[in-house]
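Numbering (our numbering), first residue to last: 21 to 125. Beta carbons: idealized from backbone N, C-alpha and C, even for Gly. In this text the structure is predicted, and so the values were computed from the model without any measurement. Worksheet: one structure, shown below.
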Amino acid sequence: MQTASNLTGGVPVFVTENGLATDNDARRIDYTHDALVGLKKAMDLGIDVLGYLHWSLLDNYEWGSYDPTFGLISVDRKTFKRTPKPSLTWLGQVARTGTLNVPRP
């Protein structure tokens with residue numbers, strides 16, 4: 021981010037898609053935590069970060085298959101039932117408290 025900021029003359033950054041396709045939700049939480057730590061470091065360096073959007077809210081149809089599971093909420097492909105994952109609770113607590121120091125489920 022520092023290099024991009026330098027090359028663009030400090031154009032503000034908005035992270036529009038960041039997530040990890042995995043069935044291991046603990047790994048998703050670790051990945052998202054580390055990404056947000058990096059984003060915080062960029063902000064501490066003076067990079068103008070306007071926002072962050074996690075990818076994605078729901079498991080979705082991705083590049084021709086249902087296999088990647090990016091979502092914070094799982095979707096049963098037969099019944100369409102939605103089931104919140106622990107990562108949804110964790111990221112919600114991060115957003116509500118404004119800190120990354122929240123317990124991991």
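- Between T89 and D50, the gap from beta carbon to beta carbon reaches 7 Å or more.
- Classified as buried, W110 has 16 or more neighbouring CB atoms from the shown chains inside 10 Å of its CB.
- Bounds of the beta strand (DSSP E) holding R102 are R102 to P104.
- Given a length threshold of 3 residues, each whole run of the beta strand (DSSP E) inside the region 52–94 is given here in chain order: 69–74.
- For T36, no alpha helix (DSSP H) run applies; the uninterrupted beta strand (DSSP E) run containing it begins and ends at V33 to N38, by DSSP.
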